[in-house]
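Residue numbers for the sequence shown follow my numbering, so the first one is 26 and each next one is one higher.
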Amino acid sequence: RHLAPPMLASLAWKLGQPDPSPEWFQSIYPPLLRFFKTWLSAAHDRDEDGFPEWDHPLQTGYENNPLFDRWNIDSQGVDITTLESPALGAMLYRECRSLIRIAQRLERADDCLLLEMHAARLRSVVEETWDPAAAIYRFRDFQTHASTPGHLVKSFQGSGDTPFAHAFPLPQRLIVRVHSQEETTRAVRVRLHGQTAAGPACEEITPAQFFWMRGEGRATTQAVFTALERVEISGLESKDRLRLYTIDYAQEAISLLLPLWARIPGEPRAAEAIQRTATGRFLGEFGMPMCPTGGDSSPAPHLSTVDIAWNTLIGEGLLLYGCQVEAAELVTRLMRAVTTALKTTHAFSQYYDAATGRPYGDSNSLFGLAPVGLFLSSLGIERFAPKEIIVRGINPYPWPITVQYRGVTVLRQGDETSVTFPNGKSAVFHGSGPYRVSLT
26 RHLAPPMLAS LAWKLGQPDP SPEWFQSIYP PLLRFFKTWL SAAHDRDEDG
76 FPEWDHPLQT GYENNPLFDR WNIDSQGVDI TTLESPALGA MLYRECRSLI
126 RIAQRLERAD DCLLLEMHAA RLRSVVEETW DPAAAIYRFR DFQTHASTPG
176 HLVKSFQGSG DTPFAHAFPL PQRLIVRVHS QEETTRAVRV RLHGQTAAGP
226 ACEEITPAQF FWMRGEGRAT TQAVFTALER VEISGLESKD RLRLYTIDYA
276 QEAISLLLPL WARIPGEPRA AEAIQRTATG RFLGEFGMPM CPTGGDSSPA
326 PHLSTVDIAW NTLIGEGLLL YGCQVEAAEL VTRLMRAVTT ALKTTHAFSQ
376 YYDAATGRPY GDSNSLFGLA PVGLFLSSLG IERFAPKEII VRGINPYPWP
426 ITVQYRGVTV LRQGDETSVT FPNGKSAVFH GSGPYRVSLT
């Protein structure tokens, strides 16, 4: 019932290498273009500013994000349709660049012009979410385009009609949180009276709008308030509590680094994001967790876990900016987690703890497999195809590495690369290249 994440054209372009078939691209290009345009339609870009919003947490590949997670009571549980996500913008930008490459192969000049306009707009809006103080991209409200810190506005106990004068320095969307004493759901109804930029407003939040988990109900306002004047609450027991919060957009997550994978930031900004954030406060002993712990000795387990798929995307982003050594270090830490789990549990695990490497989640999960593609890329094996091998950079690992493929052996040690062919002949290269070796 929801659109797939916008990564299909990127996958198609990758699958088509190194010798893309014009006939295949001709057949898949029209539906891929329609898919991309659907994401940009008003149904998914609700304010029609060229920066679409997610429709459901499951689309994101990271439904445990504490900003919009509905299934952990420690999360804010914000309605994801009210957020603009740098990760979605990055996926759409890379999707657009892939469509441009395909359109160029098919000589569709008019499509290229239109797609270049979309790419420029997507890059611009993603760059608007950059927070220079923290060296990371931020979620923002889809209407106000603000990324403000959150705080408790007011706490109420039981039902009632309470006059409440509170002005906000900046317009705010609110989270309504209900705590049931018996850990059961309540047919709670809330009316918020106040002011918006358009004038006086009253928003009613019905029982159907609350998401419940272990006695905690959460709902997000559709209105963006500049002030509150009165709060009407019905359906609560006398000991139940209701709290109003502003949304905290300062929560960090690994998905906020995805613009690196899309190669959106320029070199100076990318260097900041990599040095201060990705390989700085994010990188743990066993990889990058879904959320940095910030020195918390006992973070929630689901926030401190390493997802190898997300780490692979960020690692690919590091390589796009020439950070081969940093990518190799990331692979080394991920492999340390994978091999530790194999030795102790004899299985791959869905996730791994970033600080201890302890397996977490389902056993024998495909998500826990070793990141072979990222390893080869970090080694400088840019392409390993039936007709050619492309080698770039050096071997950043402290030991020689041998890769075998269809009878061809590639040995990389330092800046030396030797290729041995099935007939026994060999070639040796020195330096960072790139080198293209024909296998035909």
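All C-beta atoms, glycine included, are put in the ideal place defined by N, C-alpha and C.
By DSSP, does E501 sit in helix, in strand, or in coil? No statement about residue 501 is possible, as the shown extent of the chain runs from 26 to 465 and does not include it.
I'd like the span of the beta strand (DSSP E) that includes V462, first residue to last. 460-463
From the DSSP output, in three-state form, read off Q247 for me. coil
Quick check on W286: does DSSP put it in helix, strand or coil? coil
Just confirm the distance between the C-beta atoms of F193 and K179, as a whole number of angstroms; I'd bet it's less than 8 Å. Wrong, their Cβ atoms sit about 12 Å apart, outside the cutoff.
Own chain partners of S322 with C-beta closer than 8 Å, once the 5 adjacent residues on each side are dropped: Because the pLDDT of S322 is 49, which lies under 50, any placement of that residue in the model is unreliable, and the number read from its coordinates should be weighed accordingly. None.
So, are the CB atoms of F250 and T271 less than 7 Å apart? no
Name the residue from P225, M238, G242 whose alpha carbon lies nearest to the alpha carbon of T231. G242
Let me check one thing: in DSSP terms, what residues is E88 bridge-paired to? E88 is not bridged to any residue.
Spell out the partners DSSP gives W155 in its beta bridges. Y162
Of all the options P56, E229, M238, which has the alpha carbon lying nearest to the alpha carbon of E207? M238
DSSP on L346, reduced to helix/strand/coil? The sequence given here places Tyr at residue 346; Leu does not occur at that position. Coil.
Within the chosen definition, does the stretch 377-384 reach the stretch 425-437 through at least 3 CB pairs nearer than 8 Å? no
Which residues bound the alpha helix (DSSP H) around W237? Not the alpha helix (DSSP H): W237 falls in the beta strand (DSSP E), residues 236-238.
Assuming C227 is part of the beta strand (DSSP E), what are its boundary residues? 224-230
For the putative contact between F76 and E120, defined by C-beta atoms under 8 Å, what is the C-beta separation to the nearest angstrom? Incorrect: roughly 14 Å between the Cβ atoms, too far for contact.
Short Cβ contact (7 Å threshold) for I414 with V462: yes
On the three-state DSSP scale, how would you describe H455? strand
Taking 6 Å as the cut-off, is the C-beta of R294 nearer than that to any heavy atom in the ligand FMN? This structure does not include the ligand FMN; it has no bound ligands of any sort.
In angstroms, rounded to a whole number, what distance separates the CA positions of F390 and I333? The sequence given here has Ser at residue 390, not Phe. If you take the alpha carbons of S390 and I333, they lie about 11 Å apart.
Does the Cβ-Cβ distance between L269 and I258 come in under 7 Å? no
Taking the alpha helix (DSSP H) that D127 belongs to, which residues open and close that run? In the sequence as displayed, the identity of residue 127 is Ile instead of Asp. Taken as a continuous stretch (DSSP letters only), the alpha helix (DSSP H) holding I127 covers 111-130.
In three-state terms, what does DSSP make of G185? strand
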